[in-house]
Amino acid sequence: MLAHKYQEPQPETGRQWEDVLTEKLQLCVSAVFLVARGEYVPEKEEDNLRIIVRAALRLRKMVREDISSTDYQITVGATGEAFDPEHMTDNYVMKGPVPQVGARVACPYELGLRRVDRREEGGTTVVRSVTLVKSKVLLESTINELVGNPTVNRYDVD
């Protein structure tokens with residue numbers, strides 16, 4: 001995806017997360033002091049902010065929300081692709097049975113959205129994908145029904 005090209009690299013270790021979060025917290029605190037016209041010396045307060053960040057990370061780990069990497073991906077049904085009801089919806093479902101797995105996609109209708117989580121568990125990276133919004137498609141079988149000839153294949157209509 002194009003967005004990944006410009007995305008900042010994510011920290012990989014707990015220490016890197018601690019450093020990044022401490023730095024972001026310092027920026028927030030310095031903005032508050034700036035607006036309040038107070039004096040803020042980051043070097044003096046870094047240890048205190050680091051303690052807060054460590055406590056927050058420990059608390060997060062205790063409630064089983066260990067740091068993970070999450071990407072969101074746009075999905076689209078491609079022409080000629082096999083219909084997969086787990087990831088797609090037939091937008092123009094006609095009377096009768098639900099489209100079969102493997103029916104051919106004529107064209108995409110609406111985009112879908114998928115979340116991909118990467119998490120470290122026991123020294124290995126575990127990847128889990130969840131479809132948040134199914135992409136909507138128009139199936140070849142729907143076109144065949146509209147044409148009135150269910151034996152027409154791949155739009156070869158005279």
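Read the sequence shown against the working numbering and you will find it ends at 158, with the numbers running on by one and no gaps.
The C-beta atom is built at its ideal place from N, Cα and C for all residues, glycine as well.
If you're wondering where the values come from, they're calculated on a predicted model, not measured in any experiment.
Go ahead and pull the three-state DSSP assignment for residue i.
i, result
"residue 155", "Annotation note: pLDDT 48 at residue 155 (below 50); position unreliable, coordinate value reported separately. In the structure shown, residue 155 sits in coil (DSSP, three-state: anything other than H, G, I, E or B)."
"residue 56", "helix"
"residue 22", "helix"
"residue 142", "helix"
"residue 121", "strand"
"residue 15", "helix"
"residue 93", "coil"
"residue 31", "helix"
"residue 71", "strand"
"residue 113", "strand"
"residue 42", "helix"
Using 10 angstroms around the beta-carbon of residue i, count the other beta-carbons present and answer buried if the total reaches 16, otherwise exposed.
i, result
"residue 117", "exposed"
"residue 85", "exposed"
"residue 44", "exposed"
"residue 140", "buried"
"residue 130", "exposed"
"residue 148", "exposed"
"residue 134", "buried"
"residue 103", "buried"
"residue 21", "buried"
"residue 155", "Low confidence applies to residue 155: its pLDDT is 48, below 50, so where it sits in the model is not reliable, and the reading given next is rough at best. So residue 155 ends up on the exposed side."
Measure the CB-CB distance between residue i and residue j and report whether it falls below 9 angstroms.
i, j, result
"residue 114", "residue 87", "yes"
"residue 18", "residue 54", "yes"
"residue 79", "residue 136", "no"
"residue 138", "residue 91", "yes"
"residue 132", "residue 76", "no"
The segment 15-31 touching the segment 50-62, judged by at least three CB pairs closer than 8 angstroms: yes
Cβ contact (3+ pairs, closer than 8 angstroms) linking the segment 122-133 and the segment 98-109: no
Touching by the beta-carbon criterion (3+ pairs, under 8 angstroms), the segment 32-39 and the segment 67-82: no
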